[in-house]
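So the protein lines, in turn, are chains A and V.
Counting from 1, position 305 in the first sequence corresponds to residue 305 in UniProt numbering; the numbering is continuous, with no gaps.
Counting from 1, position 507 in the second sequence corresponds to residue 507 in UniProt numbering; the numbering is continuous, with no gaps.
Glycine included, every Cβ here is placed at the ideal spot set by N, Cα and C.
Since the structure is predicted, the reported quantities are computational estimates derived from the model, not experimental observations.
The structure appears below as structure tokens.
Protein chains: 2
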Amino acid sequence: MPIYNAPTKDLQFVLHDLLKVSEQDIAGYEDLDRDFTGAVLEEAGKVATAVLHPLNVVGDKEGCVLENGVVRTPKGFKAAFEQMKEGGWTAMDCDPEYGGQGLPYVMNSAAMEPFVSANMAFNMYQGLTHGAYSAIHAHGTDEQKQKFLPKMVSCEWTGTMNLTEPHCGTDLGLMRTKAAPQADGSYKITGQKIFISAGDHDLADNIIHLVLAKIEGGPEGIKGVSLFIVPKIIVNDDGSLGDRNAVSVGSIEEKMGIHGNSTCVMNYDGATGYLLGTEHKGMRAMFTMMNEARIGVGLQGYAQAESAYQNAVAYANDRLQGRAVTGAENPDGPADPLIVHPDIRRNLMDQKSFVEGARAFTFWGANLIDRAHRNGDKDADGLISLLTPVIKGFQTDKGFEYAVAAQQVYGGHGYIEEWGMSQYARDARIAMIYEGANGVQALDLVGRKLAQDGGKHVMAFFEMIKTFIKENEGNEALKADFLDPLKAASKDLQAAGMYFMQNGMKNPNHALAGSYDFMHMMGHVCFGLMWAKMAKAAMEALEGGASDTAFYETKIATGRYYMARQLPATTMHLARINTGADTVMALDAANF
Amino acid sequence: MPIYNAPTKDLQFVLHDLLKVSEQDIAGYEDLDRDFTGAVLEEAGKVATAVLHPLNVVGDKEGCVLENGVVRTPKGFKAAFEQMKEGGWTAMDCDPEYGGQGLPYVMNSAAMEPFVSANMAFNMYQGLTHGAYSAIHAHGTDEQKQKFLPKMVSCEWTGTMNLTEPHCGTDLGLMRTKAAPQADGSYKITGQKIFISAGDHDLADNIIHLVLAKIEGGPEGIKGVSLFIVPKIIVNDDGSLGDRNAVSVGSIEEKMGIHGNSTCVMNYDGATGYLLGTEHKGMRAMFTMMNEARIGVGLQGYAQAESAYQNAVAYANDRLQGRAVTGAENPDGPADPLIVHPDIRRNLMDQKSFVEGARAFTFWGANLIDRAHRNGDKDADGLISLLTPVIKGFQTDKGFEYAVAAQQVYGGHGYIEEWGMSQYARDARIAMIYEGANGVQALDLVGRKLAQDGGKHVMAFFEMIKTFIKENEGNEALKADFLDPLKAASKDLQAAGMYFMQNGMKNPNHALAGSYDFMHMMGHVCFGLMWAKMAKAAMEALEGGASDTAFYETKIATGRYYMARQLPATTMHLARINTGADTVMALDAANF
């Protein structure tokens with residue numbers, strides 16, 4: 001049986017030592033003092049460990065079952081979902097006008113992490129609802145908001161996102177689902193959607209589907225796509241539940257992982273839908289959900305690696321195998337624990353330095369979102385827009401890689417389902433795919449975000465790193481181990497950007513052939529910045545007389561590892577990028 | 001339903017254009033002309049596609065079932081196994097004295113690849129038998145050989161390897177299985193073994209288990225381990241089957257993949273066993289099986305990637321999504337096929353250049369084994385001993401990585417079991433673990449093989465590369481694209497070796513902390529050498545007027561991709577290695 005304990009101390013470190021949230025001039029942040037966030041995170045951690053984590057294996061084994069048109073979730077999910085609702089965990093950062101607690105997004109992210117680590121498939125029911133909530137909140141009429149949001153905030157009703165169809169996922173302009181306008185202002189929605197997470201289940205009284213469809217007679221392609229609210233059960237004007245809508249589950253997909261979440265084929269057969277936002281502007285409205293969802297998926301990536309890492313550490317300390325090459329460390333035992341071996345440590349340090357870097361980067365990003373939304377800060381908005389594909393793409397690639405690495409620590413036992421390590425890898429795998437496959441994230445980053453607003457945000461990004469290095473260059477403790485590698489990595493990234501500028505104009509393939517490498521490179525530079533900032537914060541805490549010296553010293557040592565062992569990857573990515581598109585595009589399609 | 005077609009043309013290319021097998025002065029190679037090998041491989045490909053491939057998904061879905069102490073394999077496995085036996089595919093490189101065909105190992109490897117690609121789990125029944133055959137052939141008495149080998153060559157009886165116990169895998173000195181000497185010279189074996197692939201099944205009349213155990217009163221630890229032949233059913237002196245031995249299946253493990261192969265917990269309760277080889281020298285005898293098995297596992301790694309790649313290419317050509325950034329390539333269709341997009345090509349070229357490099361490296365290694373065994377060439381033996389952990393460790397890491405990459409081409413469909421891409425990833429995952437987890441391969445390489453025979457073999461390895469570069473430096477077509485990158489990568493590898501020499505003496509952790517990076521680095525250098533040799537061979541074929549110009553030109557272009565896009569990884573690995581053990585070993589175990 002795998003273990004999971006919320007890393008409350010590290011969550012607090014990121015919020016307070018790194019981000020110093022309570023000192024930030026953002027509405028709502030004044031409440032985020034150490035005691036308050038500590039109490040919330042402590043409680044979230046307890047729920048994660050006691051309620052959600054034991055159901056993780058259950059969800060994987062049982063999966064969801066479609067019986068007589070109704071989806072049944074695994075045993076225990078319903079009771080746990082009730083506990084989440086009662087505890088108010090579904091409503092943390094939602095608008096108080098609709099029953100939410102109005103907490104900042106950064107606080108929501110920190111509290112969510114333990115839930116996602118403990119049971120990713122379970123947490124998706126709430127996560128999708130939150131995305132649908134955000135879209136309605138941003139684009140709905142007052143009437144729509146009053147009608148749907150309070151029940152979605154409380155998760156009495158859950159939500160979904162319906163984009164993909166059998167023949168199109170990324171290229172939604174090809175979609176075939178139709179919306180026929182009705183005399184009463186509603187629409188009849190007809191078509192099939194696939195891969196609908198939480199598409200149906202027995203956890204809520206109603207499910208509010210957000211569905212992309214084309215209004216008949218509208219523009220061709222992506223410009224004719226609109227977004228609709230399609231409730232599973234029609235909601236009467238008085239808020240009571242009315243008739244069953246013409247929405248049904250075609251089947252449940254058998255997946256590699258996240259078996260606890262029902263991934264449905266949804267059939268809309270003239271279902272009643274209500275336009276959300278402006279007609280033919282459905283993609284814009286959908287992106288409100290997608291950007292938030294992408295950061296959430298980036299969190300899933302490292303949250304699975306965190307769980308897997310905790311188990312790998314426990315196993316490495318427990319399993320006796322071989323002797324330390326420098327002399328027995330457990331001389332009274334039959335062998336030393338795995339953790340004495342340098343290559344096991346190399347593996348564990350890779351995992352640890354990734355997870356902690358990702359946590360910092362994700363919350364730092366959430367802080368930018370708060371700054372953008374609560375303070376109307378356009379620069380913060382531009383920066384998080386630039387970095388969203390990096391948070392999603394880099395962190396889910398690496399999250400999967402390190403879930404696999406954690407599995408490897410177990411040797412043969414890692415391959416046996418009973419030990420639970422396979423599930424972390426199988427569950428983490430989806431995060432690289434959904435909400436835009438990572439290749440699409442790389443395309444978004446290089447093909448769109450770099451040049452956004454005349455390249456203003458990427459220039460601000462480099463300026464931010466330069467400023468940080470300049471401000472701290474007198475700090476000898478930081479210089480060699482942190483600032484110098486960060487400078488070198490940032491220089492590599494700039495050189496890659498320069499290559500794209502100089503060559504991408506002539507032939508855009510020269511830029512796009514390097515997009516994936518660039519996304520990873522930028523991830524490393526962002527993590528390098530985070531680690532330099534975290535090391536600085538930890539040094540300051542130690543200088544300030546912090547009592548938990550082992551924690552802060554470990555933080556600095558882990559950062560040193562990342563800078564020494566991970567950051568050199570930028571040289572490789574740059575070398576690849578600099579070879580351009582010639583070898584990538586050389587073959588005729590027939591010769592693959 | 002996934003596809004699979006044997007890459008016969010490329011198998012032939014490696015045997016004849018690259019290795020020029022029929023020109024080599026090795027006994028048995030004189031028969032390996034193009035027509036003969038072509039006919040064999042053509043037939044192997046047919047069997048793989050028609051018989052084994054359709055059972056791959058069946059095996060994954062059904063798995064093996066333990067009923068009343070007997071393991072039942074998935075539907076169709078038994079009939080297919082009969083076909084393999086009848087076709088003589090189980091006996092290709094076995095000793096003619098025991099019914100084998102006596103073909104070289106390189107030919108066996110080439111014919112095996114399609115079987116492994118088509119159905120890895122199925123092929124393991126035969127693969128394990130071959131390993132057990134080799135151990136008995138090398139270490140058995142004449143009587144043992146006469147008694148067991150003919151039936152194992154024909155696969156009427158299959159074989160297994162029993163090493164791992166619940167509390168020990170890598171560190172076999174801890175094993176508890178006991179062997180009690182009997183008056184008649186046999187032993188009573190008592191203990192439990194786990195992870196026994198093909199441990200029981202319904203494909204054969206008998207199963208010959210090779211079991212490591214400690215003879216009572218022998219030396220402590222690994223020096224007291226002996227190897228025993230323990231038949232499932234006792235074989236009478238006249239060769240007929242006698243009583244059931246005291247061997248039973250405890251359970252079948254539920255695994256992440258290779259469901260078609262029965263992975264058993266085996267219980268030995270005073271089972272009759274016969275010493276194989278010398279007492280207390282069981283590890284030496286077992287290594288006869290393990291070295292062969294490790295090369296076979298390296299083949300599994302890329303063979304799964306090959307299958308996954310074939311499907312990814314088909315999907316990328318079929319799936320219409322988006323438009324080429326340089327202008328529509330399928331203007332009459334609703335969208336262009338995925339394969340027009342640079343990042344999809346980057347992904348497919350990664351896969352293709354890996355698989356073809358791995359095929360060349362594996363057969364080149366098999367050729368060294370033939371040279372060692374058939375010509376008694378000690379240098380070839382030393383070189384393949386050095387490279388075995390690289391073939392196993394690098395190729396299985398990358399094989400899994402690219403099976404995952406192929407899955408990624410499918411987007412959401414890659415995560416759905418129905419499409420079959422998940423199985424390739426799940427099946428490929430085991431190859432990184434069994435026959436010595438890849439961290440153990442790295443330890444073997446850096447901790448043992450580099451220094452073997454005074455470092456003679458690694459020096460010969462570098463000399464071989466240097467000589468190749470020198471011999472071809474006048475070849476302008478090779479120089480910039482192939483020889484220069486090979487030279488640079490080889491220099492990086494030498495620098496890493498130098499770092500180990502200079503620092504590993506003081507503190508062996510400085511070497512072992514870099515062992516995994518070194519293994520990957522050496523893999524890249526070996527692949528770089530293969531690609532340079534293949535490019536040269538392809539250029540010569542074109543100059544010689546070969547008619548299939550597209551094939552040879554594609555080969556050269558694929559090689560250029562590898563050299564440009566993959567070989568730069570050596571710089572990153574060197575940078576990591578050069579940071580030594582300090583950051584790796586910095587933390588106390590309690591602070592992870």
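Exposure of residue i, with buried meaning 16 or more beta-carbon neighbours within 10 Å
i: E435/V; result: buried
i: K392/A; result: buried
i: F81/A; result: buried
i: P166/V; result: exposed
i: A546/A; result: exposed
i: F361/A; result: buried
i: F36/V; result: exposed
i: K352/A; result: buried
i: S240/A; result: exposed
i: M459/V; result: exposed
i: G100/A; result: buried
i: V65/V; result: exposed
i: I252/V; result: buried
i: E216/A; result: exposed
i: P219/A; result: exposed
Expected contact under 8 Å - CB spacing of residue i and residue j to nearest Å
i: Y516/V; j: A442/V; result: 5 Å
i: V225/V; j: G273/V; result: Actually they do not touch by this definition, with Cβ atoms about 13 Å apart.
i: A538/V; j: Y552/V; result: 4 Å
i: V584/A; j: M349/V; result: 6 Å
i: D269/V; j: T190/V; result: 6 Å
i: V58/V; j: K75/V; result: 6 Å
i: G277/A; j: I222/A; result: Contact flag wrong, Cβ pair sits at about 15 Å.
i: N206/V; j: I233/V; result: 5 Å
i: H510/A; j: A589/A; result: Actually they do not touch by this definition, with Cβ atoms about 20 Å apart.
Under 8 Å from the C-beta of residue i: neighbouring residues of chain V
i: Y561/A; result: T583, V584 and A586
i: Q321/A; result: C168, G169, T170, D171 and L174
i: T326/A; result: N507, P508 and N509
i: T579/A; result: A564 and R565
Residue interval of the beta strand (DSSP E) (run including residue i)
i: Q192/A; result: Y187 to S197
i: Y268/V; result: T263 to L275
i: T158/A; result: W157 to N162
Continuous alpha helix (DSSP H) stretch holding residue i: start and end
i: C94/A; result: Element bounds for C94/A: n/a, residue is neither H nor E.
i: L11/V; result: T8 to Q12
i: K61/V; result: P54 to E62
i: A406/V; result: K378 to V409
i: P342/A; result: P342 to N375
i: E86/A; result: F77 to E86
i: P114/A; result: Y105 to A118
Proximal residues of chain A, C-beta to C-beta of residue i below 9 Å
i: Q408/V; result: M432, I433, A437, N438 and G439
i: P74/V; result: Within 9 Å Cβ-Cβ: nothing; P74/V doesn't reach chain A, min ~17 Å.
i: N317/V; result: A589, A590 and F592
Per-residue contacts from residue i into chain A (C-beta, under 8 Å)
i: G411/V; result: G169, T170, I433 and A437
i: K352/V; result: F592
Neighbouring residues, chain V, relative to residue i (Cβ below 7 Å)
i: E253/A; result: I416
i: Y516/A; result: D343 and R346
i: T164/A; result: G412
Can you check the UniProt domain "Acetyl-CoA dehydrogenase-like C-terminal" (461-588) of chain A for any alpha helix (DSSP H) of at least 4 residues that lies completely inside it and give the ranges in chain order? 484-504, 509-512, 515-543, 549-561 and 569-577
Please give me, in chain order, every unbroken run of the beta strand (DSSP E) with length at least 3 that falls completely inside the stretch 203-287 of chain V. 206-215, 225-231, 233-235, 241-244, 247-252 and 263-275
List in chain order: all unbroken alpha helix (DSSP H) runs of 4+ residues lying wholly within the stretch 418-444 of chain V. 421-431 and 438-444
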